[in-house]
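So the sequence shown is numbered by the numbering used here: it starts at 584 and just counts up by one.
From the three backbone atoms N, C-alpha and C, an ideal C-beta is built for every residue, glycine too.
Input: a single structure, listed below in structure tokens.
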Amino acid sequence: MDGRRRKEVQEPTHLLRMNDRIFDRFSEFIKTELGIKMPASKKTLLEARLQKRLRELCMNSHDEYCEYLFSASGMEEELSKLVDVVTTNTTDFFREPKHFELLSRSILPEFYSRRGGARNVNIWSAGCSSGEEPYTLGIVLSEFARQNPGFTFSILATDISTKVLRMAVSAVYPEAKIHPIPMELRKRYLLRSKDRTKKVVRIAPEVRSHVRFRRLNFMEEFNFDGKLDIIFCRNVVIYFDRQTQEKLFSRFCRKLSPGGYLFIGHSESLAGMDLPLEPVAPTVYRRI
């Protein structure tokens, strides 16, 4: 942000309203660039979420913010901040626990019996948010590897938000977040801070070493090599329209190995989509 814009303004004490012309421009841009639908019913939500950005940038109107965002410097400096504004990052360790039960009791034993340690199991946590999902996967697979010699795995974790990716890479979480993790696994795969007043934990190195993070916009190409055995994309595509969802799931299928698995969220559905998948459990599908 250049010095010209760092002017003193009266901090707004009420929600600044956005006119329809500006909202339509934001809505079209967010849909095109991020795939996220932003209907008129979301206008008040967008106004509320942008309030903090306007305050931080010392701006008095959405028109001023729009002018800045769509400038060359705005696209470079502000786009990632807009992504943080319009995306929702709600996640927990062991969220939708039946998925992880199926993974450890059925899918991983299947891979192991078929391959042994002959090939690495490759997993993608798509829309990983602040890291709870990929680290849960890392704990589950580390536990399986501990009991099954020769089993190896790697996890790619991606998100569009650089803010949540920084949190994920740090692998540090408040103690209040770890309650869903069974006590035995906490003892094995979590490290407590030496300063107990901080009340935080960090994921152990043996789990972190299997997870690599990178930024990815689903509207861009999946420019990473190799086929995947398991894709977790849960509670992400609910923000996209049906046409975008089907295109995205088709691209996931092209990245899945035959016999690989796709996990989606319980609020999502593949009904009516022409995809090379067969259901194996609620919201779990196998690549045909």
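- Excluding the 5 residues flanking it on each side, residue 754 has same chain C-beta neighbours closer than 6 Å at 785, 786 and 791, in chain order.
- For residue 816, the enclosing beta strand (DSSP E) starts and ends at 811–816.
- Secondary structure note for residue 741: it is in no alpha helix (DSSP H), and the uninterrupted beta strand (DSSP E) holding it is 736–742.
- For residue 843, the enclosing beta strand (DSSP E) covers residues 839–847.
- Annotation: residue 656 to residue 710 spans about 27 Å, alpha carbon to alpha carbon.
- Beta bridge pairing from DSSP links residue 786 with 773.
- Here DSSP, grouped into helix, strand and coil, assigns residue 752 to helix.
- Under the three-state reduction of DSSP, residue 659 is assigned to helix.
- Taking 8 Å as the cut-off, the Cβ atoms of residue 633 and residue 668 count as close.
- Within the same chain, 694, 736 and 812 come within 6 Å of residue 704 by CB-CB distance, once the 5 residues on both sides are set aside.
- Counting only the Cα atoms, residue 646 lies some 18 Å from residue 621.
- With fewer than 16 neighbouring CB atoms inside 10 Å of its own CB, residue 808 falls in the exposed class.
- When the Cα atoms are used, residue 643 and residue 637 turn out to be separated by approximately 7 Å.
- DSSP, reduced to helix, strand and coil, places residue 690 within a helical segment of the structure shown.
- Using a C-beta cut-off of 8 Å, the segment 732–749 makes no contact with the segment 847–861, since fewer than three inter-stretch Cβ pairs fall below that distance.
- Non-local beta-carbon contacts of residue 664 in its own chain, meaning distances under 8 Å to residues more than five positions away in sequence, involve 636 in chain order.
- By the CB criterion at 8 Å, residue 722 and residue 756 fall outside the cutoff.
- As the crow flies, the alpha-carbon of residue 680 is around 14 Å from that of residue 724.
- Under the three-state reduction of DSSP, residue 819 is assigned to coil, being neither helix nor strand.
- Bridge partners of residue 704 according to DSSP: 736.
- When DSSP states are grouped into helix, strand and coil, residue 860 belongs to the strand group.
- Per DSSP, residue 600 is not a residue of any alpha helix (DSSP H), being assigned neither H nor E.
- Separation of residue 610 and residue 869 (C-alpha to C-alpha, rounded to the nearest whole angstrom) is 35 Å.
- Note on residue 862: under 16 other CB atoms within 10 angstroms of its CB, so exposed under the neighbour-count rule.
- Rounded to whole angstroms, the gap between the alpha carbons of residue 626 and residue 606 is 7 Å.
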